[in-house]
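Asker: First the structure, which I've put down as structure tokens, then a few questions once you've had a look.
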Amino acid sequence: MSRTNLCPCGTGRPYAQCCEVFHSGAREAPDAESLMRSRYTGFALKKVDYLWRTLHRAHADRAATQAEGLAAIRYAADGYRYMGLTVLDREAPDAKGVARVLFHAKMFQKGRDVSFVECSDFAHDGEGWRYLAGSPVLMRDLRAPLAGLTIARFRDRPQPT
Ligand SMILES: [Zn+2]
Numbered sequence: 226m227s228r229t230n231l232c233p234c235g236t237g238r239p240y241a242q243c244c245e246v247f248h249s250g251a252r253e254a255p256d257a258e259s260l261m262r263s264r265y266t267g268f269a270l271k272k273v274d275y276l277w278r279t280l281h282r283a284h285a286d287r288a289a290t291q292a293e294g295l296a297a298i299r300y301a302a303d304g305y306r307y308m309g310l311t312v313l314d315r316e317a318p319d320a321k322g323v324a325r326v327l328f329h330a331k332m333f334q335k336g337r338d339v340s341f342v343e344c345s346d347f348a349h350d351g352e353g354w355r356y357l358a359g360s361p362v363l364m365r366d367l368r369a370p371l372a373g374l375t376i377a378r379f380r381d382r383p384q385p386t
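According to my numbering, the stretch in the sequence shown is residues 226 to 386, in order.
Structure representation (structure tokens):
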């Protein structure tokens, strides 16, 4: 198997046996982590319609029209190089049905390292898991070691004063 067939989401599986089944619409991602991984791969492979479809209705970006939303997603997919994903921690759905995934995304923009850590919220909309909310924290702003980072440590990290 050539490395280029490996799914960008970092599972070590070929794309055809990993995120492609979600991108093609054959299946919905079974949990928040799979959905998150498939969205990272979606950016890497410019699956713009999939990224829009898996954005929860309540996500802030849904306030835009679909045309604006798709344009913004296309800009993000085109403007960055997606160099790798590491899922650091996850939380099962809480009482409100919100599941969380903490991840480190390796990214470059015009040769500049813009890698970040994000703790994303996901919710099921009756059809499938959807991306609800999340804000990237650039590595230089993280103020916590990446090694051993958990959702609890991420929440408790020192904040800029
Ligand atoms: Zn994958």
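Glycine is no exception: its CB is placed at the ideal position from the N, C-alpha and C atoms.
Because the structure is a prediction, the values reported are computed rather than measured.
Around the Cβ of Lys-272, are there at least 16 other Cβ atoms within 10 angstroms (buried) or fewer (exposed)?
Answerer: Label assigned to Lys-272: buried.
Asker: Considering only their Cβ atoms, is the gap separating Arg-337 from Val-326 smaller than 9 Å?
Answerer: No; because the gap between Cβ atoms is not below 9 Å, this pair is not in contact.
Asker: In chain order, which alpha helix (DSSP H) runs of at least 4 residues are fully inside the stretch 290-372?
Answerer: Counting only runs of 4 or more, we get 291-304.
Asker: At the level of alpha carbons, what is the spacing between Asp-366 and Arg-287?
Answerer: Each residue's alpha carbon lies about 27 Å from the other.
Asker: How would you call Gly-322, buried or exposed, if buried means at least 16 neighbouring beta carbons within 10 angstroms?
Answerer: By the neighbour-count rule (16 or more Cβ atoms within 10 Å), Gly-322 is not buried but exposed.
Asker: Taking a contact to mean a Cβ-Cβ separation below 9 Å, would you say Pro-239 touches Thr-266 in this structure?
Answerer: In this structure, Thr-266 does not lie closer than 9 Å to Pro-239 by Cβ.
Asker: Over the uninterrupted alpha helix (DSSP H) stretch that includes Tyr-240, give me the two end residues.
Answerer: Here Tyr-240 belongs to no alpha helix (DSSP H), and DSSP marks it neither H nor E.
Asker: Per DSSP, which residues does Leu-280 bridge with? Please list them.
Answerer: Paired residues: Tyr-356.
Asker: In chain order, what residues of the same chain have a beta carbon less than 6 Å from the beta carbon of Cys-243, not counting five sequence neighbours either side?
Answerer: Result list for Cys-243: Cys-232 and Thr-236, in chain order.
Asker: Which value, in whole angstroms, describes the spacing of the CA atoms of Pro-394 and Ala-330?
Answerer: Since the displayed the chain opens at 226 and closes at 386, residue 394 lies outside it and no answer follows.
Asker: Can you name, in chain order, every residue of its own chain whose Cβ lies under 8 Å from the Cβ of Leu-276, other than the five neighbours on each side?
Answerer: So the list reads Arg-264, Gly-267, Phe-268, Ile-298 and Ala-302, once near-sequence residues are dropped.
Asker: So for Met-226, helix, strand or coil by DSSP?
Answerer: Residue placement at Met-226 cannot be trusted, given a pLDDT of 46 that sits under 50; what the coordinates show is reported in the next sentence. Three-state DSSP puts Met-226 in coil, outside helix and strand.
Asker: Can you give me the Cβ contacts of Glu-343 inside the same chain, cut-off strictly under 8 Å, excluding the 5 residues immediately before and after it?
Answerer: If we look at Glu-343 and ignore the five residues flanking it on each side, its Cβ neighbours are Leu-327, Phe-328, Ala-330, Gly-359, Ser-360, Pro-361 and Val-362.
Asker: According to DSSP, what are the bridge partners of Leu-374?
Answerer: DSSP lists no partner for Leu-374.
Asker: Is Cys-344 near ligand 1, going by C-beta to nearest heavy atom under 8 Å?
Answerer: No, Cβ of Cys-344 sits at least 8 Å from all heavy atoms of ligand 1.
Asker: What span of residues does the alpha helix (DSSP H) with Ser-259 cover, start to end?
Answerer: Note, Ser-259: alpha helix (DSSP H), 257-269.
Asker: Using the Cα positions of Ala-377 and Leu-260, report the straight-line distance between them to the nearest angstrom.
Answerer: Spanning the two alpha carbons is a distance of roughly 21 Å.
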